[in-house]
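Chemist:
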Amino acid sequence: MRHNKKFNHLGRQSSHRKAMLSNMASSLIESKRITTTVAKAKALRMYVEPLITKAKDDTTHSRRVVFSHLQNKEAVSVLFRDVAEKVADRPGGYTRILRTGNRLGDNAEMCIIELVDYNEAMLSTGEEAAKPKRRRSRRGGAKKSENPVAETAKKEKPKAEKAAPAKAVKEEAPKVEEPKAEKPAEEKPTADTPAEETPKAETQEPEVKEEPAADAEEEKKEE
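Below is the structure:
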């Protein structure tokens, strides 16, 4: 009976299965991404993630334990030198499985298994999603021009033009009222002189002119 035997045998004997998983783990550590079936990827994930956790402790003992599983000096050096530093802050879940569809020959379900911290495209999208999105109005924002100084000057000009006529109106208002108040104050001699004074001046002038005329007539009579 198969009680409590949950791992996938993958249709291979134990020695064959261990050698296959060891080679796949070395390829994943060196290439950071490989393509395989979903069943093998799940088995590989259970095999390689404990080795990555072991690599965080860079000691002689941990290197010997990892080498006993991988049997590849280059993969062990890459794991302890590069991968361990990259995943130092991650508590687990070092790999990701991306399904790519079925294989044409035997219709097996295929996928890509990769190290999470080495996929720059997905890391960038995750950072953008974490940023709060700005609220957009229906009208849409105005396009930013290359010269922000010119924009500020344009915005300030209409404000100055609108303020100028207001000041002019305030200054003109007292100017219009001043002549109205001055007209009654000024008294012109022609308009304000009484009519009685004019005939006196006219009567005095002929009196002065008549005297020499009377003297001339008297002289002629004496002659």
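The opening position of the sequence shown corresponds to residue 344 in our numbering, with each subsequent residue numbered one higher.
No residue lacks a Cβ here, since even glycine has one placed at the ideal position from N, Cα and C.
Could you tell me the alpha carbon to alpha carbon distance between Tyr568 and Ala427, rounded to whole angstroms?
Modeler: For residue 568 there is no data in the structure shown, the boundaries of the chain being 344 and 566.
Chemist: How is the beta strand (DSSP E) around Thr378 delimited, first residue to last?
Modeler: DSSP places Thr378 in the uninterrupted beta strand (DSSP E) bounded by Arg376 to Thr380.
Chemist: Between Ser370 and Glu457, what straight-line distance do the alpha-carbon atoms span, to the nearest angstrom?
Modeler: 11 Å
Chemist: Is Met344 helix, strand or coil by DSSP?
Modeler: coil
Chemist: How many Å lie between Asp432 and Ile440 at the Cα?
Modeler: Distance between the alpha carbons of Asp432 and Ile440: 21 Å.
Chemist: Relative to the C-alpha of Ala362, which candidate in Lys348, Lys383 and His346 has its C-alpha closest?
Modeler: Lys383
Chemist: Mind checking which residues open and close the alpha helix (DSSP H) that includes Arg407?
Modeler: Thr403 to Leu413
Chemist: Does DSSP put Arg433 in a helix, in a strand, or in coil?
Modeler: coil
Chemist: Thinking C-alpha only, which one of Ala386, Thr379, Ala368 and Ile377 is nearest Lys349?
Modeler: Ala386
Chemist: Figure out for me which residue from Lys397, Thr378, Thr396 and His352 has the closest Cα to the Cα of Glu452.
Modeler: Thr378
Chemist: Count the other CB atoms, across all protein chains shown, that sit within 10 Å of the CB of Ser365; report buried if there are 16 or more and exposed otherwise.
Modeler: buried
Chemist: In terms of residue numbering, what span does the beta strand (DSSP E) encompassing Arg442 cover?
Modeler: Thr438 to Asn445
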